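The structure appears below as structure tokens.
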Amino acid sequence: MKQAVLKEPYLVEIIDVPGPRELKANEILLKVHRVGVCGSDIHMYYGKHPFANTYPMVQGHEYGGEVVAVGSDVTKFKPGMKATARPHLVCGHCPACLRGQYNVCQNLKVEGCAGPEGAAQEYFIIPKDRAVVIPEQMSYDQAAMIEPIAVGAHSTKRAGDLTGKNVVVTGAGTIGNLVAQFAVARGAKKVLITDLVDLKLDIARECGVNETANLKKESFDDAVKRVFGDEGFQVAFEAAGVQSALTALIGGVENGGTVVIIGVYVQNPVVNMGFLGEHELNVLGSMMYRHEDYLEAVDWVAQGKIKTSPLITQYYPISEYFDAYKFIEANADEAVKVMIKVTNA
Ligand SMILES: [Zn+2]
Ligand SMILES: [Zn+2]
């Protein structure tokens, strides 16, 4: 079967390997139909991901497929069903795992990043405890997007109750978009999303995030004033992973407000800790998701509360995996979610 492997920075190869091994009792064999390309894959492609730097690596931690076989202990999943799974490999015995916070397991590995292999191959074996059923009416594209959607589910829960609050999200790529959609769906009063690229803001509006600002054309402070008036904003999500966005949010959020950090910072940012202390700000980390976030993500997509199709900007067949990365490298502003078609299903 074919696999897409990042051999080293700036080199993706399609290789042929023997078909999948025999299943263990708790395992599910998935025929992979879609793999989404993630921002962190591209950081790894550049050799600049701060935490994922293992090569060679079979790509892909966002995927959707069809169950083709199950082990003897698997009852919930049957051949023909659609499924995806969390890419977490956790130890189960560190303090974080023991208190159920396994998304920050001290020995966490993510399949396709630091884990042994990702799902960018024709068949992929997943254990039943990390798998989720995708309802029949959902597409394989949607199944492959459950991973980033779960990031949105988790990070917006980190900030507590958003009902009636004004929210700013910096960065309108896939993650920022989905975080903003969750903030709207969780009852925020107004949600403003910012970016430097009109296409991404257009997509945000298509997804129901109505307040947008292009910070190439309008200052952050002007945008906040225009959208929220004197009310300001109480909660912010930093999904751009850049200094300027973090500085704007820390400086702009209401006193006592909350800033949730989601972006991957290639360059370690500077934070005015004195200002943070003086204004009693809450700055919270958010790391991926847990199983309940996957379940909520599936549920909310199935209910139509979270939109996915406007985010998919390009498709590539698995044979052109390298071209997909090269396209993103050359056209970052035109690529939001690039989807790899492992099959035409
Ligand atoms: Zn991802
Ligand atoms: Zn652990």
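Numbering (the UniProt record's numbering), first residue to last: 1 to 345.
All residues carry an ideal CB built from backbone N, CA and C; glycine is no exception.
Just so we're clear, the structure is a prediction, and the values are computed from it rather than from any experiment.
Return the CA-CA distance between residue i and residue j, expressed in angstroms with no decimal places.
i	j	result
Pro56	Asn344	27 angstroms
Val151	Ile175	7 angstroms
Pro310	Ala204	8 angstroms
Ala183	Arg158	11 angstroms
Asn214	Glu206	16 angstroms
Asn26	Lys128	6 angstroms
His33	Gly71	21 angstroms
Gln142	Leu201	21 angstroms
Tyr315	Lys341	7 angstroms
Val336	Tyr325	12 angstroms
Val90	Met287	13 angstroms
Asp222	Ile250	16 angstroms
Gly263	Val67	33 angstroms
Lys267	Met81	In the sequence on display, residue 267 carries Gln and not Lys. Taking the straight line from one Cα to the other gives about 42 angstroms.
Ala332	Leu196	12 angstroms
Gln243	Lys48	17 angstroms
Glu320	Gly112	18 angstroms
Val17	Val133	28 angstroms
DSSP state of residue i, grouped into three classes?
i	result
His88	strand
Thr194	strand
Lys305	coil
Asp299	helix
Lys82	strand
Asp16	strand
Met44	helix
Asp205	The residue you asked about is not Asp; residue 205 is Arg in the sequence shown. The answer is helix: DSSP assigns Arg205 an H, G or I state.
Gln137	coil
Pro148	helix
His291	helix
Pro50	coil
Leu199	helix
Gln142	helix
List the endpoints of the continuous alpha helix (DSSP H) containing residue i.
i	result
Tyr63	Not the alpha helix (DSSP H): Tyr63 falls in the beta strand (DSSP E), residues 63-70.
Ile250	243-252
Thr163	Looking at the DSSP string, Thr163 is not in any alpha helix (DSSP H), and its letter there is neither H nor E.
Met1	Run containing Met1: none; DSSP gives neither H nor E here.
Met273	273-278
Thr75	From DSSP, Thr75 is part of no alpha helix (DSSP H); its letter is neither H nor E.
residue 433	No statement about residue 433 is possible, as the shown extent of the chain runs from 1 to 345 and does not include it.
Val184	174-185
Pro95	95-98
Val227	220-228
Please name the residue or residues paired with residue i in a DSSP beta bridge.
i	result
Leu30	Val67, Phe124
Met339	Gly36, Tyr315
Phe237	Val169, Val260
Glu8	Leu11
Met57	Leu6
Leu284	Val260
Val110	His88
Ala213	Thr194
How far does the beta strand (DSSP E) with residue i in it extend, from its first residue to its last?
i	result
Ala131	131-134
Measuring from each Cβ to the nearest heavy atom of ligand 1, keep the ones under 6 angstroms and list them in chain order. Per the Cβ criterion, the list is Cys38, Ser40, His61, Glu62, Glu147, Pro148.
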